[in-house]
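Each residue of the sequence shown is one higher than the last, beginning at 1 in the UniProt record's numbering.
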Amino acid sequence: MEEFRNIGIIGRLNSNKVIETIRRLSRYMVDEGYHVILDDRIAEVMPGHGMQVSNVNLLGEICDLVIVVGGDGSLLGAARALARFNTPVLGINRGRLGFLTDISPDEGMCDAVQAVLDGEYIEERRFLLDAEIKRDGNPIGSAAALNDVVLHPGKSARMIAFDLYIEGQFVYNLRSDGLIVSTPTGSTAYSLSGGGPIMHPRLDALVLVPMFPHTLSSRPIVVDGKSEIKIVVDASQGLYPTVSCDGQSHIPCAPGDSITIRKKSHKLKLIHPKGHNFYEICRTKLGWSSNLGD
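Written out as structure tokens, the structure reads:
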């Protein structure tokens, strides 16, 4: 087990509850002798904190562990920044569903964090995606995603026509509201809303989910996680769609543009408390029923 001494904290902005949680957590860790470093954006709204401050990239270089206080969206942003540093990330849930941020900010929060710091945790490796957009063969934009890469109409209400290739093999030409390319981590997010399957986080696979396709026979496809996905926007349609990564990074596209999606070389090191159970989280967050005898 790794020794955690330098602890970074990232928090969701514009939330008094997040600030309250960070104050309580940071005071506890400082009292216990840990070196706490605050993300510079959250430090700006915590005057008088008295702790070291750093930007998120430097946090990845100097911290043994980074704690994210917020919802899954906050952890997604941290994951994209920290994965290349191999820095472990632990989430405290101040959002809604909390598939990734799984420590509750209640009275037992500090005890739960201390247990992790004492080595009582489960470590998972979650892979990310890289998306690159090219126009006339020249790169015009790129972004990373932990959950999903989504091609969608943007502000338009029209269907998009596009060609799909997997590992260089033509799959189909489709007219739909777009396409979701999701990792197992993202399978419980937007992909699930679009009718995609739930995939266990340890799977090395991708799921491609058409959004409201024009043909009823178009169904989600699960492919090898190492597959290269290429989407080519129909050049004759005159529609300017958008590629969104994790719903946070947005790249405008033009007719004829190609979007290439492949697995990122660096993985996120995600930390869970001991006893973490993916199926229990699904039962709780998605409202699955318990055993009939319960």
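Cβ atoms here follow ideal geometry from the backbone N, Cα and C, with glycine treated the same way. Small disclaimer: the values here were computed from a predicted structure and weren't measured.
Using the C-alpha atoms, what's the distance from Met46 back to Thr101? Locating residue 101 in the sequence shown gives position 101, where the first residue counts as 1. Locating residue 46 in the sequence shown gives position 46, where the first residue counts as 1. Rounded to whole angstroms, Thr101 to Met46 spans 22 Å at the Cα level.
Exposure of Ile122, with buried meaning 16 or more beta-carbon neighbours within 10 Å: The residue you call residue 122 lines up with position 122 of the sequence shown. Ile122 is exposed by the Cβ-count criterion.
Are three or more beta carbon pairs between the region 167-179 and the region 201-221 nearer than 8 Å? Touching, yes.
Let me know if Thr284 comes out buried or exposed under the rule of 16 or more other beta-carbons within 10 Å of its beta-carbon. In the sequence shown, residue 284 corresponds to position 284, counting from 1. By the 10 Å Cβ count, Thr284 comes out exposed.
Figure out for me which residue from Asp130, Pro105 and Leu90 has the closest Cα to the Cα of Arg24. Taking the sequence shown and counting its residues from 1, the one referred to as residue 24 is at position 24. Per the Cα distances, Pro105.
Limits of the unbroken beta strand (DSSP E) element including Val66: Position 66 of the sequence shown, counted from the first residue, corresponds to residue 66. Segment Leu65 to Gly70, the beta strand (DSSP E) holding Val66.
Do you know how far the Cα of Val68 is from the Cα of Thr185? The count along the sequence shown starts at 1 and reaches residue 185 at position 185. The count along the sequence shown starts at 1 and reaches residue 68 at position 68. Each residue's alpha carbon lies about 17 Å from the other.
Return yes when at least one heavy atom of the ligand SAM lies under 8 Å from the C-beta of Asp39, else no. With respect to the ligand SAM, the structure shown offers nothing to examine, as it has no ligands at all.
Contacting residues, own chain, Cβ-Cβ under 7 Å from Val171 (five flanking each side not counted): For the purposes of this step, residue 171 is taken as residue 171 along the sequence shown, with counting starting at 1. Only Leu164 and Tyr165 meet the Cβ criterion.
Cα-Cα separation between Asn57 and Ser217, rounded to whole angstroms: Working through the sequence shown from its first residue, we reach residue 57 at position 57. Working through the sequence shown from its first residue, we reach residue 217 at position 217. About 45 Å.
Would you list, in sequence order, the uninterrupted alpha helix (DSSP H) runs of no fewer than 4 residues that lie entirely inside the region 53-109? 56-62 and 72-82
Kindly identify the DSSP beta-bridge partner or partners of Glu123. Mapped onto the sequence shown, residue 123 falls at position 123. BP columns for Glu123 point to Ile271.
Closest to Thr188 by C-alpha separation, out of Leu97, Ile62, Asn14 and Ser15, would be which residue? Within the sequence shown, residue 188 is the residue found at index 188, counting from 1. That would be Leu97, whose Cα lies nearest to the Cα of Thr188.
Going by CA-CA distance only, name the one from Lys274, Asp40 and Ala83 that's closest to Leu13. Looking up residue 13 in the sequence shown gives position 13. For Leu13, the nearest C-alpha among the options comes from Asp40.
Among Val30, Glu132, Val53 and Ile42, the one whose alpha carbon lies nearest that of Cys245: Translated into the one-based positions of the sequence shown, residue 245 becomes position 245. Nearest option by C-alpha distance: Glu132.
Is DSSP giving Ser191 helix, strand or coil here? Here the question's residue 191 lines up with position 191 in the sequence shown. Here Ser191 sits in helix by DSSP.
Give the secondary structure of Glu20 by DSSP, where H, G and I count as helix, E and B as strand, and everything else as coil. For the purposes of this step, residue 20 is taken as the residue at position 20 of the sequence shown. In this structure, Glu20 counts as helix in the three-state DSSP scheme.
Identity of the residues DSSP links to Ser142 by a beta bridge: Mapped onto the sequence shown, residue 142 falls at position 142. Bridge partners of Ser142: Glu132.
Evaluate Asp148 with the Cβ neighbour count: other Cβ atoms within 10 Å of its Cβ, from every protein chain shown; 16 or more gives buried, anything less gives exposed. In the sequence shown, counting from the first residue as 1, residue 148 sits at position 148. The residue in question, Asp148, is buried, as its Cβ has 16 or more Cβ neighbours within 10 Å.
Let me confirm a value: Tyr279 is counted as buried when at least 16 other C-beta atoms fall within 10 Å, else exposed. Which label applies? Within the sequence shown, the letter at position 279 stands for residue 279. The residue in question, Tyr279, is exposed, as its Cβ has fewer than 16 Cβ neighbours within 10 Å.
Cutoff 8 Å; reference Ile37; Cβ partners in own chain excluding five residues on either side: Position 37 of the sequence shown, counted from the start, is the residue given in the question as residue 37. Taken in chain order, the residues that qualify are Asn6, Ile7, Gly8, Ile9, Met51, Gln52, Val53, Ser54, Leu59, Ile62 and Cys63.
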